[in-house]
Structure formats: C-alpha cells, structure tokens
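**Student:**
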Amino acid sequence: MELTEDQSYYAVIFTSIQTENTSGYAEMASKMETLAQEQPGYLGMEHARSELGITISYWKTEAAIAGWKNQVDHLVAQQTGKDKWYSKYSVRVCKVEREYHFNTEN
C-alpha cells in the first residue's frame, strides 16, 4: 500500500487480551479477514499476537470503517468476542497522513 504525497487513509487499531476460551476464535478471525477484504474501501490488514493481540486494518474513508463496523456478520463476531474470547479490548481509529518503509529484502 504505497501513498502519494497527497493521499491519506485510515487505520483501525484493535488491541485485545483473550480469555482462556479461544474455541472457534481462529475460524472466526479467518472468516472476518476474508469478509473485510470484500468490503468497499478496504485497503489491507496486519496482525501480531502474543499476550496482547494487535490487528490493524486500513480503510480509504471513515464511511468505509463505519460500514465494516456495522456489517451483519461482523456484528455477530463482535458480540461473540465480548461474550467469549476477550477479557478486554480497545479500538483506535487514526488518520494516516504519511508513511515510509525500510526493507532489506529488495
């Protein structure tokens, strides 16, 4: 995801602490990632998990973020997360105005 100087986009940063009951979590997470990719305005996603889980999804507009937040299957996943998988979580929405990269592989 490369930006030109005049482009910006949004990042939704989801951090979580899981409960001990992770039954069904991996399957739902995979389903949600596939579904997110089909949403208008979706740009990409990154993950990291240790004691703290971090998922960052990237979106063209705030309206695209709202559409994803209110997508019917995603609403079910959100409620299941509250009821079963997460002891706590936070969501942060940020506007990304610039980016740069370092990569020794190229």
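Position 40 of the sequence shown, counted from 1, bears residue number 32 in the numbering used here, the numbering being contiguous throughout. All C-beta atoms in this analysis are idealised placements derived from N, C-alpha and C, irrespective of residue type, glycine included.
Y92 lies in the alpha helix (DSSP H); which residues open and close that run?
**Tutor:** Looking at the DSSP string, Y92 is not in any alpha helix (DSSP H), and its letter there is neither H nor E.
**Student:** Under 7 Å, do G33 and A56 count as touching if we go by C-beta distance?
**Tutor:** Cβ distance < 7 Å, so G33 and A56 count as in contact.
**Student:** Per the DSSP calculation, T11 is bridged to which residue(s)?
**Tutor:** DSSP lists no partner for T11.
**Student:** At which residues does the beta strand (DSSP E) containing S49 begin and terminate?
**Tutor:** S49 -> beta strand (DSSP E) spans G45 to W51.
**Student:** Would T7 pass as a contact of L35 if the rule is Cβ separation under 7 Å?
**Tutor:** Cβ distance not < 7 Å, so T7 and L35 don't count as in contact.
**Student:** Just mark V83 as buried or exposed, buried being the case when its beta carbon has 16 or more other beta carbons within 10 Å.
**Tutor:** Flag for V83 reads exposed.
**Student:** Spatial neighbours of L27 within its chain, please: CB distance less than 8 Å, with the 5 preceding and 5 following residues excluded, ordered by chain position.
**Tutor:** Correct list, in chain order: Q63, D65 and H66.
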